[in-house]
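A.B. asks: In the numbering used here, the protein residues as written are 1068 to 1194.
Note that the Cβ used here is the ideal one computed from N, Cα and C, for glycine as well.
Keep in mind the model is a prediction, meaning the values are calculated, not measured.
Following this message is one structure expressed as structure tokens.
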């Protein structure tokens, strides 16, 4: 039995604190995140939209829905990657993000690709 699904994405995330754009005295903490999406499935798929749940250290949650990512709706052949960098602004020094990508296969099948939770934090905040 083949264990590779028709539609499977591998998602890797790297984050960094943007000190030069942040203003901690005004409760403004700016973070960048770079995401690598790799199609490890058997069939091509296109990213149509995104859904984010962003939570700060005070438990305040913001949901973001939008078309594509960074103005693009990339179509990924099996084995292809798409890498992009975007950002988030929090009112606390630590927070989390998670969500999903709205995907469509070449055969018209719609599926959600979960984005695993990741932490945004200024250096030396978490031990």
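Does the beta-carbon of residue 1108 have 16 or more other beta-carbons within 10 angstroms, so that it is buried, or is it exposed?
C.D. replies: buried
A.B. asks: Assuming contact is defined by CB atoms lying nearer than 8 Å, are residue 1081 and residue 1154 in contact in what I supplied?
C.D. replies: no
A.B. asks: For the beta strand (DSSP E) that contains residue 1049, what are its first and last residues?
C.D. replies: Within the shown structure, residues of the chain are numbered from 1068 to 1194, placing residue 1049 beyond reach of any answer.
A.B. asks: Taking only runs of the beta strand (DSSP E) that begin and end inside the stretch 1120–1155, which ones reach a length of at least 3 residues, in chain order?
C.D. replies: 1128–1134
A.B. asks: Can you give me the Cβ contacts of residue 1072 inside the same chain, cut-off strictly under 6 Å, excluding the 5 residues immediately before and after it?
C.D. replies: 1108
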